[in-house]
Amino acid sequence: MFSWLHRLKAGLSRTRGQLVSLFTGRKIDEAFLEELETTLLMADCGIEVTETLMARIRERIKRDRLEAAESLRQVLADELETLLAPLEAPLDVSVAHPFVIMVAGVNGAGKTTSIGKLARWYQAQGKKVMLAAGDTFRAAAREQLVIWGERNGVPVIAQEKGDPAAVAFDAVQAAKARGYDVLIVDTAGRLPTQLHLMEEIAKVRRVIQKAEPSAPHEVLLVLDANIGQNAIAQAEAFDKAIGVTGFILTKLDGTAKGGVIAALAKRLPKPVRFVGVGEGVDDLRPFVARDFVAALVG
Ligand code: GDP
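In the numbering used here, the protein residues as written are 936 to 1233.
Right under this line is the structure:
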């Protein structure tokens, strides 16, 4: 059985392989630096991050009179870690009872799966977890959550054909009345271009706050790591609508290039609370910058 770190490494192996082979046996010259720049762009780091990293690398080459490309591997790892370390901020759910987490994202990002994993994660820490099936558009999504809840002994607040804001309101009331520690509110998948749906999710947020003025305590955006730079546009649009406080980056076990996390760190530096490294219920882990950089740069 692969550990989650193995899965992360396997997922990022293509980018790592490209970087490692680039660094091996080469001398630092302009051609090498151009190839490195292209590799960083191909890894989804984005133009801003790539330019910053390249400027830092050039500085280090000059300062330390570096000649062998191999010596840049550690330089790149250090720079990436400096960039990503601030994103490592685990979610402390003990600061409120119930601690209300609202979860958003586009369809297929891995929202429902991640909610199941999150519930499991907090259950394992002895927390009493409740779910709210706020995806009232897709009956299948509601059922998926209800079935999952039944199997795992987690109550799910759901309404047939309900209004998502009403489901969220009821769930907050129920979690408060019944003394739950963590309430996770699902929302329907939507694209930032669907303006009426973005307005609807903003309303869900407002109604949660009406039910409990300190809530939501966390607004998580689930992003598929394989969508590259699109993740940035999605994150900015959701942030504008609902004030994102953290990310879950999913499918890092897949063909993800990994650099998108660096691009996010630059453009929208908010915590990456968790990373998804598989479809299994235990395949969700808090983000650890050092592990991530080791998986990416080798
Ligand atoms: P939603 O539409 O955002 O709720 O997405 P789902 O939770 O239904 O997930 C969409 C697909 O992505 C499903 O097949 C999941 O099993 C899969 N998935 C979700 N997270 C991960 C992950 O971290 N790794 C992999 N490999 N698959 C994932």
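C-beta: ideal position from N, C-alpha, C; glycine also.
Q. CB-CB under 7 Å to Val974, same chain, minus the five flanking residues each way: which ones, in chain order?
A. Reading off the sequence shown, one finds Thr at residue 974, where the question assumed Val. Excluding sequence neighbours, Thr974 sits near Gln953, Leu954, Leu957.
Q. Which partner residues does Ile1036 have in the DSSP bridge list?
A. For Ile1036, which the question treats as bridged, DSSP gives the partners Ile1119, Glu1153.
(Q) Let's see if you can read the secondary structure: which residues bound the alpha helix (DSSP H) around Thr1190? (A) Per DSSP, Thr1190 lies in no alpha helix (DSSP H) segment and is marked neither H nor E.
(Q) At 3 residues or longer, what runs of the beta strand (DSSP E) sit wholly inside the stretch 966 to 1043? (A) 1034 to 1039
Q.
Does the beta-carbon of Thr1122, which I'm using as the reference point, lie nearer than 7 Å to any heavy atom of ligand 1?
A. no
(Q) Once the 5 residues before and after Lys1138 are set aside, which same chain residues still bring their CB inside 7 Å of it? (A) Ala1100
Q) Using a Cβ-Cβ cut-off of 6 Å (strictly less than) and excluding sequence neighbours within five positions of Lys1052, which residues of its own chain qualify? A) Val1216, Leu1219
Q: Note the first and the last residue of the continuous beta strand (DSSP E) segment covering Ile1162.
A: That residue, Ile1162, is in no beta strand (DSSP E); it is neither H nor E in DSSP.
Q) Do you know how far the Cα of Ala990 is from the Cα of Leu1001? A) 14 Å
Q. Distance, Cα to Cα, Met936 vs Ala1012?
A. Note that Met936 scores a pLDDT of 47, beneath 50, so its modelled location is shaky and nothing firm can be said.
**Q.** Segment contact flag, the stretch 1062 to 1077 with the stretch 1173 to 1188, C-beta cutoff 8 Å, min 3 pairs
**A.** no
Q. Taking the DSSP output, what are the residues bridged to Thr1185?
A. Asp1159
Q.
Within a Cβ cutoff of 6 Å, which residues of the same chain sit near Met1037, ignoring the five residues on either side of it in sequence?
A. Val1120, Pro1151, Val1154
Q.
Counting beta carbon pairs with one atom in the stretch 1093 to 1110 and one in the stretch 1009 to 1028, are three or more of them shorter than 8 Å?
A. no
Q | Nearest neighbour of Pro1025, chosen from Ala1229, Val1232, Val1223, Val1228 [CA to CA] | A | Pro1025 has its Cα closest to that of Val1223, out of Ala1229, Val1232, Val1223, Val1228.
Q: Report the residue from Glu1171, Gln1060, Gln1079 whose alpha carbon sits nearest the alpha carbon of Gly1069.
A: Gln1079
Q: Only counting runs of 3 or more residues, tell me where the beta strand (DSSP E) segments fall wholly within the stretch 1063 to 1120, in order along the chain.
A: 1064 to 1067, 1117 to 1120
Q. What are the partner residues of Pro1221, as DSSP defines its beta bridges?
A. Phe1209
Q) Considering only the beta carbon of each residue, do Pro1221 and Leu1118 sit closer than 8 Å? A) no
Q. Shortest alpha-carbon distance to Gly1194 belongs to which of Lys944, Thr985, Ala966?
A. Considering only alpha carbons, the answer is Thr985.
**Q.** alpha helix (DSSP H) segment containing Ile1126, residue limits
**A.** Looking at the sequence shown, residue 1126 is not Ile but Leu. From DSSP, Leu1126 is part of no alpha helix (DSSP H); its letter is neither H nor E.
Q) Which residues in the same chain as Asp979 place their Cβ atom closer than 6 Å to its Cβ, once the five residues preceding and following it in sequence are excluded? A) Gly1163, Lys1192, Gly1194, Val1195
Q: Assuming Glu1135 contacts Val1035 (C-beta within less than 8 Å), just tell me the rounded distance between them.
A: Not really, about 18 Å apart at Cβ, beyond 8 Å.
**Q.** DSSP beta-bridge partners of Lys1145
**A.** Lys1145 pairs with nothing; no bridge assigned.
Q | Whole-angstrom C-beta distance between Ala1044 and Leu1187, which should lie under 8 Å | A | Not a contact, Cβ separation roughly 13 Å.
Q.
Bridge partners for Lys1052 per DSSP, in chain order?
A. Partner(s): none; Lys1052 has no beta bridge.
Q: Could you tell me which residues DSSP puts in a beta bridge with Lys962?
A: Ala1003
Q) Are Ile1253 and Val1010 touching if we call contact CB-CB under 8 Å? A) Nothing can be reported for residue 1253: it is not among the residues displayed for the chain, which extend from 936 to 1233.
Q. On the three-state DSSP scale, how would you describe Met936?
A. Its pLDDT being 47, under 50, Met936 is placed unreliably in this model, and the coordinates cannot settle the point.
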